[in-house]
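Just below is one structure, and these are the notes that go with it.
Laid out in structure tokens, this is it:
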């Protein structure tokens with residue numbers, strides 16, 4: 014199994030607690046990951062990088078925005094497609110990958126492959142990240158853009174942030190835009 | 014309105030001025046955002062993150078490269094399409110989203126949605142960013158690749174940078190590749 | 014020529030050697046670039062940013078994961094396609110760009126343009142990066158996902174890293190996800 018989950022790894026290395034005397038101690042390392050795409054193949058890098066950060070004792074948050082909101086949309090998270098156009102070296106030309114049903118089939122094949130590697134599906138992965146202390150947030154502006162409300166999101170989402178909130182929380186972090 | 018613009022917010026929080034004694038004062042926080050894609054949905058994350066940075070008093074620059082040059086190309090900025098393949102969870106299969114006219118229709122729908130949220134179109138957004146002190150730059154190598162000259166760009170672009178220049182300007186910054 | 018290569022620039026500015034007394038000297042600047050897509054147009058930003066970093070005396074590594082593994086796959090590196098869907102402002106509608114042969118044609122045109130700018134093809138570019146001291150790594154999890162083994166990779170790849178290894182190596186770096 015590639016990913017430690019809270020059941021098999023009950024004691025993941027905790028993130029260091031910041032000292033009250035911040036001038037004497039460096040701030041703990043922190044990853045702030047922006048997830049902006051909604052394909053199954055597009056969200057896994059964010060989820061796996063967040064998981065790896067927590068396993069390494071690094072603080073982690075994911076900020077879901079634009080199409081990335083699909084990954085925390087309770088109605089969509091179990092039905093994400095695969096962005097086959099993101100892989101132009103695939104033996105299938107784009108015109109074939111675009112046929113109705115092909116994205117679903119690709120998602121099915123990717124799901125089987127993830128299972129064979131003991132990697133959970135997206136909903137379980139997000140639950141696991143929440144249990145590991147990775148904070149999940151939705152982007153307020155993108156929520157308005159997509160006509161979504163908090164009740165549309167999976168319960169693991171800790172809150173809805175403005176871009177300003179995101180900047181407050183990502184000060185000193187290594188930020189990744191995925 | 015989600016985005017403060019210079020008219021409604023005449024006094025955005027200024028970025029802190031670096032002290033002459035750099036050893037005593039930490040450098041001001043700075044975002045260096047690379048914009049490498051040219052779809053309407055692909056450039057907004059860069060524009061909105063830059064806007065949010067300036068609103069938070071954080072220094073910001075955007076380095077437009079590859080397809081991202083379309084966003085500052087005076088002839089193209091008002092006619093950007095939407096990259097519908099970036100959203101494989103969309104109810105429309107890729108083959109339909111690829112029909113001639115669909116990207117234009119999607120761009121039209123996205124434009125209407127942005128307007129309803131009081132978010133300006135790309136040209137006005139770039140003008141606003143320039144007024145707010147966000148620096149806009151074009152990538153020299155990508156300009157050659159696309160056969161573009163400075164006169165092809167919108168006037169808000171401050172200059173054309175080599176990758177080496179970009180590294181000089183992004184030392185100590187949080188860099189995002191979008 | 015835009016890119017200095019080891020032949021024409023036999024003495025690129027070396028990255029500063031970290032002092033044994035780490036408390037007295039700041040760590041050298043380091044770029045950790047994640048390459049997650051496999052299109053010819055999608056890998057060049059990573060390659061060019063890594064090249065620019067080494068030219069500027071900045072330490073650099075590229076971590077190839079997911080579709081990005083195609084770029085270091087010995088059988089695929091010479092046959093990468095172009096992700097035309099990444100450029101929705103292109104005058105060609107997606108449905109046309111998806112026709113069999115169009116991605117190959119686009120790759121051929123892009124290759125010719127790169128040659129005219131004295132930019133090497135991907136294999137030569139990776140060899141050059143290796144000679145310049147840019148470290149190339151493959152993602153272990155993605156290797157399993159793609160059923161790849163180390164013998165399938167180009168010889169310049171220094172090793173296969175877990176996500177945890179990547180975090181160890183990217184501490185203090187500016188990380189880019191491309």
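Residue numbers (my numbering), protein chains in the order written: chain S, 14 to 191; chain Y, 14 to 191; chain W, 14 to 191.
Glycine included, each C-beta is placed from N, C-alpha and C at the ideal position.
| Query | Result |
| --- | --- |
| Boundaries (first-last residue) of the beta strand (DSSP E) holding residue 62 (chain W) | Careful: residue 62 (chain W) lies outside any beta strand (DSSP E), inside the alpha helix (DSSP H) at 53-68. |
| DSSP three-state assignment for residue 40 (chain Y), whether helix, strand or coil | coil |
| Span of the beta strand (DSSP E) around residue 154 (chain S) | Counting along the chain, residue 154 (chain S) falls outside any beta strand (DSSP E), though it belongs to the alpha helix (DSSP H) covering 153-158. |
| is_contact[residue 131 (chain W), chain Y] using C-beta, thresh 8 Å | no |
| Beta carbon proximity, residue 180 (chain S) to chain Y, threshold 8 Å | yes |
| Exposure of residue 40 (chain S), with buried meaning 16 or more beta-carbon neighbours within 10 Å | exposed |
| Under 7 Å from the C-beta of residue 188 (chain W): neighbouring residues of chain S | 187, 189 |
| Counted within 10 angstroms of its Cβ, other Cβ atoms place residue 50 (chain Y) as buried (16 or more) or exposed | buried |
| Close Cβ partners of residue 53 (chain S) (< 6 Å) along its chain, the five nearest in sequence each way excluded | 93, 95, 120, 123 |
| Proximity below 8 Å, CB of residue 174 (chain S) to CB of residue 153 (chain S) | yes |
| Limits of the alpha helix (DSSP H) - the one that residue 177 (chain S) falls within | 176-182 |
| Cβ shell of residue 85 (chain W) (< 8 Å), same chain only, five flanking positions each side left out | 77, 139, 149, 151, 166, 167, 169, 170 |
| Beta-carbon proximity list for residue 190 (chain S), same chain, < 7 Å, skipping 5 on both sides | 47, 49 |
| Cβ neighbours of residue 186 (chain W) in the same chain (closer than 7 Å, five flanking residues each side left out) | 43, 44, 45 |
| Limits of the beta strand (DSSP E) - the one that residue 11 (chain S) falls within | In the structure as shown, chain S begins at 14 and stops at 191. Residue 11 (chain S) is therefore absent and cannot be evaluated. |
| Rounded C-alpha distance that separates residue 159 (chain Y) from residue 61 (chain W) | 16 Å |
| Cβ pair residue 69 (chain S), residue 172 (chain W) closer than 8 Å | no |
| Three-state secondary structure assigned by DSSP to residue 45 (chain W) | strand |
| Cβ neighbour criterion (16 or more within 10 Å) applied to residue 183 (chain W) | buried |
| Same chain, Cβ closer than 7 Å to residue 155 (chain Y), five either side skipped, listed in chain order | 78, 79, 82 |
| For residue 104 (chain S), three-class secondary structure by DSSP | Residue placement at residue 104 (chain S) cannot be trusted, given a pLDDT of 43 that sits under 50; what the coordinates show is reported in the next sentence. In this structure, residue 104 (chain S) counts as coil in the three-state DSSP scheme. |
| Below-8 Å beta-carbon distance, residue 162 (chain S) vs any chain Y residue | no |
| Sequence-distant residues of the same chain with beta carbon closer than 6 Å to residue 147 (chain Y), five excluded per side | 63, 67, 73 |
| Residue 181 (chain Y) versus residue 75 (chain S) - alpha carbon distance | 29 Å |
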